[in-house]
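Take the sequence shown: its letters are residues 833 to 937, numbered as in our numbering.
All residues carry an ideal CB built from backbone N, CA and C; glycine is no exception.
These figures come from a predicted structure and were not determined experimentally.
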Amino acid sequence: MGSQDLTDTQRNILRPNLGDWYQNDGAVNTESMMGPEGYVKKISELTDFYFSAAETRGFYWHLGVNDQMDHLDQIGVYIEQGTGDLMQEMYLNIANLITRLPVGG
């Protein structure tokens with residue numbers, strides 16, 4: 833997972849962005865985690881706004897690239913010492929989003 837070589841055809845399709853597809857979290861390449869183009873916002877851009885408004889619906893929130901732990905750490909498998917604090921921050925960011933969602937939406 834994450835280390836499979838590309839075929840020549842795949843390399844030709846991905847150029848000049850070939851390097852973007854090699855970065856991965858140990859299970860999934862990072863580039864494909866970004867969500868659909870034009871529908872992704874960075875978590876750092878999150879402000880206190882009304883999630884029920886039409887202009888705030890339909891977006892994916894990108895929590896950033898985490899270079900401190902891999903996919904298995906983030907879902908609670910093979911946790912190394914010190915990973916718990918990083919996981920707590922990640923899940924608090926997700927909880928922050930969830931608590932802003934409208935009830936009965």
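Linking Ile907 to Asn898 through their CA atoms gives a straight-line distance of about 13 Å. Our two residues, Leu933 and Asn861, have alpha carbons roughly 29 Å apart in a direct line. Asp840 and Pro868 have their C-alpha atoms roughly 26 Å apart. Excluding five sequence positions before and after Gly890, the CB atoms of its chain that fall closer than 7 Å to its own CB belong to Tyr871, given in chain order. Between Leu895 and Met922, the C-beta gap is smaller than 8 Å, which places the two residues in contact. When the five nearest sequence neighbours on each side are left out, the beta carbons in the same chain lying within less than 8 Å of the beta carbon of Ile875 are those of Trp893, His894, Leu895, Gly896, Asn925, Leu929, in order along the chain. Secondary structure of Tyr892 (DSSP, three-state): strand.
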